[in-house]
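K.L.:
Quick one: the structure is below, and I'll ask about it shortly.
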Amino acid sequence: MIPDKKPFFISQENKTRLERIVGTRFKHPVNILVKAQHGMGKSELARQLAAINNLDYNPIPIGSLQETGQLLGRYELTAGETKFVEGKFVTAVRTPNSLIHLEELNRPESPKALNDLFPILDDGRAIVHEQLGEVKVALGVVFVATLNEGFEYTGIDPLDAALEDRFHIINLGYLPPQLETTLILTRTGLAGEESTKLLQFVNKLRTDGQDPIHISTRRILMMAELIMAGLD
Numbered sequence: 047m048i049p050d051k052k053p054f055f056i057s058q059e060n061k062t063r064l065e066r067i068v069g070t071r072f073k074h075p076v077n078i079l080v081k082a083q084h085g086m087g088k089s090e091l092a093r094q095l096a097a098i099n100n101l102d103y104n105p106i107p108i109g110s111l112q113e114t115g116q117l118l119g120r121y122e123l124t125a126g127e128t129k130f131v132e133g134k135f136v137t138a139v140r141t142p143n144s145l146i147h148l149e150e151l152n153r154p155e156s157p158k159a160l161n162d163l164f165p166i167l168d169d170g171r172a173i174v175h176e177q178l179g180e181v182k183v184a185l186g187v188v189f190v191a192t193l194n195e196g197f198e199y200t201g202i203d204p205l206d207a208a209l210e211d212r213f214h215i216i217n218l219g220y221l222p223p224q225l226e227t228t229l230i231l232t233r234t235g236l237a238g239e240e241s242t243k244l245l246q247f248v249n250k251l252r253t254d255g256q257d258p259i260h261i262s263t264r265r266i267l268m269m270a271e272l273i274m275a276g277l278d
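In terms of the working numbering, the sequence shown is residues 47 to 278.
Take a look at the structure:
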């Protein structure tokens with residue numbers, strides 16, 4: 047399903063890079079890795095890339111993977127017979143002009159569960175499976191992986207260097223004040239002096255020289271909604 051378009055803002059540098067990267071998908075599938083702290087719009091970026099480019103959006107929760115092969119499918123017992131059921135990932139990979147969102151790439155139950163991604167994301171763009179045969183990436187497919195990095199996040203593993211090397215990397219930071227003001231207005235309706243005061247307060251915490259505090263875009267929007275509801 048193609049997501050609905052929503053107001054979404056990123057830096058001009060990242061916007062230009064993404065446009066050029068995604069534009070090459072007609073020559074070959076592309077891989078994009080989006081890194082940022084929590085609440086900075088990584089998942090929304092993946093959805094809006096799909097919406098803007100009319101791509102079918104397929105979220106794949108990596109955090110639920112426990113073993114090698116699980117990404118491709120599973121065995122089920124049906125009417126006394128064991129059958130292999132193709133996974134959602136395989137269906138998406140074989141569908142032209144789809145965006146596959148690899149959610150929380152560094153949070154699988156076992157790092158070995160990511161082994162099937164290596165040939166899929168490599169130049170060969172295919173993997174051979176004993177039940178499925180050749181699983182080949184269709185033309186126009188875009189892979190977008192998202193992750194958080196840092197000691198404060200539990201349950202994550204260091205990303206394999208060879209896997210990371212297969213991606214174009216996009217780092218999301220804080221928006222420039224003008225864009226953040228526009229985002230707050232568009233999403234919540236908060237404007238004028240109240241919006242200015244909110245951003246001044248937030249940016250003071252973010253840039254504290256001794257003990258900076260991460261205030262995410264998501265958190266700012268939540269605060270703006272409360273202000274609009276009449277809370278200080």
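The C-beta atom is built at its ideal place from N, Cα and C for all residues, glycine as well.
Between Thr114 and the ligand MN, is the CB less than 7 Å from at least one heavy atom?
P.N.:
Ligands are entirely absent from the displayed structure, and the ligand MN is therefore not among its contents.
K.L.:
Answer yes or no: do Gln136 and Leu178 have a C-beta to C-beta separation smaller than 8 Å?
P.N.:
Here residue 136 turns out to be Val, not Gln, going by the sequence shown. For Val136 and Leu178, yes; Cβs fall inside 8 Å.
K.L.:
In three-state terms, what does DSSP make of Pro223?
P.N.:
Three-state DSSP puts Pro223 in a helix.
K.L.:
Tell me the DSSP secondary structure of Gly69 in three-state form.
P.N.:
In the structure shown, Gly69 sits in a helix (DSSP, three-state: H, G or I).
K.L.:
What separation, rounded to the nearest whole angstrom, lies between the Cα atoms of Ile98 and Glu198?
P.N.:
Using only the alpha carbons, I get a separation of about 33 Å.
K.L.:
Comparing C-alpha positions only, which one of Phe54, Tyr220, Arg120 sits nearest to Lys81?
P.N.:
Among Phe54, Tyr220, Arg120, the Cα nearest to that of Lys81 belongs to Tyr220.
K.L.:
If you draw a straight line from the C-alpha of Arg153 to the C-alpha of Ile202, how long is it?
P.N.:
Computed Cα separation, rounded: 5 Å.
K.L.:
If we count the other Cβ atoms within 10 Å of its Cβ and call it buried at 16 or more, is Pro75 buried or exposed?
P.N.:
Buried is the call here.
K.L.:
So the beta strand (DSSP E) Lys81 belongs to, where does it begin and stop?
P.N.:
Element bounds for Lys81: 76-81.
K.L.:
Would Ser241 be called buried (16 or more neighbouring beta carbons within 10 Å of its own) or exposed?
P.N.:
It counts as buried.
K.L.:
Here's the rule: buried if 16 or more other CB atoms are within 10 angstroms of the residue's CB, otherwise exposed. What is Thr192?
P.N.:
The residue in question, Thr192, is buried, as its Cβ has 16 or more Cβ neighbours within 10 Å.
K.L.:
Does the structure place the stretch 243-252 close enough to the stretch 209-219 that three or more beta carbon pairs sit under 8 Å?
P.N.:
In short, these stretches do not touch, since the Cβ pair count stays below three.
K.L.:
If contacts are defined as beta-carbon pairs under 8 Å, then Ile78 and Ile67 qualify, I think. What distance do you get, rounded to the angstrom?
P.N.:
About 6 Å; that satisfies the 8 Å criterion.
K.L.:
For the beta strand (DSSP E) containing Ala191, list its first residue and its last residue.
P.N.:
Note, Ala191: beta strand (DSSP E), 188-193.
K.L.:
Measuring straight from C-alpha to C-alpha, what distance separates Gly235 and Thr228?
P.N.:
Looking at the two C-alpha atoms, the distance is approximately 9 Å.
K.L.:
Asp102: which of Ile108, Gly109, Gln94 sits nearest, CA to CA?
P.N.:
Residue Gln94 is the option with its Cα nearest to Asp102.
K.L.:
Return the chain-ordered list of same chain residues with a C-beta closer than 8 Å to the C-beta of Lys51, the five sequence neighbours on each side being excluded.
P.N.:
For Lys51, where only same-chain residues beyond five positions count, the Cβ hits under 8 Å are Gln94, Ala97, Ile98.
K.L.:
Taking the alpha-carbon of Gly69 as reference, which of Asn143, Pro165, Glu149, Gln116 has the nearest alpha-carbon?
P.N.:
Cα-wise, what sits closest to Gly69 is Asn143.
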